[in-house]
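Q: Okay, handing you the structure first.
Residue numbers (the working numbering): 1 to 142.
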């Protein structure tokens, strides 16, 4: 059995980290650091997804396992729209390309698309978390 209060606290922390990372992604974009914007955009959503999983005391060591479980249990079941799963997959793919491909050129258009995915996904996660516990999402800067 898991400690619901601890799960809520962890979820709140992870979602605040998601919001902070989104702000960092925006700052990177505004200053022309498109590669970093792509990285921060992915992590903003990744932390948000982990906030959802925290409510069920679920976590994984590998990113691909977090994403796969989220898609299976939350997107495929209709708790979140399919578009969210597609955007999450693209965020992950672009983050991996930008981080691991030495010759990846991050464009303003690509960075903006990734930032827009964060702006689509985080409010959905915020609403879900708020429905689970109204105190979990006390503010939203998106």
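Idealized CB from N, CA, C, for every residue including glycine.
#1: Starting from residue 108, trace the alpha helix (DSSP H) in both directions and tell me its first and last residue.
#2: With a CB to CB cut of under 6 Å and the five nearest residues on each side skipped, what residues in its chain are close to residue 50?
#3: How big is the Cα-Cα spacing for residue 81 and residue 75?
#4: Does residue 141 pass the burial test, meaning 16 or more other C-beta atoms within 10 Å, or should it be called exposed?
#5: Count the C-beta pairs between the stretch 64-73 and the stretch 16-27 that are closer than 8 Å, then say yes if the count reaches three, no if not.
#6: The alpha helix (DSSP H) spanning residue 17 covers which residue range?
A: Quick look at the numbers:
#1: In the chain shown, counting from the first residue as 1, residue 108 sits at position 108. Its alpha helix (DSSP H) spans residues 108-132.
#2: Within the chain shown, residue 50 is the residue found at index 50, counting from 1. Cβ within range, chain order: 14.
#3: Position 81 of the chain shown, counting from 1, holds the residue named residue 81. Position 75 of the chain shown, counting from 1, holds the residue named residue 75. Roughly 6 Å separates the two Cα atoms.
#4: As a working note, residue 141 is residue 141 in the chain shown. Below a pLDDT of 50, predicted positions are generally treated as unreliable, and residue 141, at 49, falls in that range; the measurement from the model is reported next regardless. The residue is exposed, with fewer than 16 neighbouring Cβ atoms inside 10 Å.
#5: no
#6: As a working note, residue 17 is residue 17 in the chain shown. Note, residue 17: alpha helix (DSSP H), 4-30.
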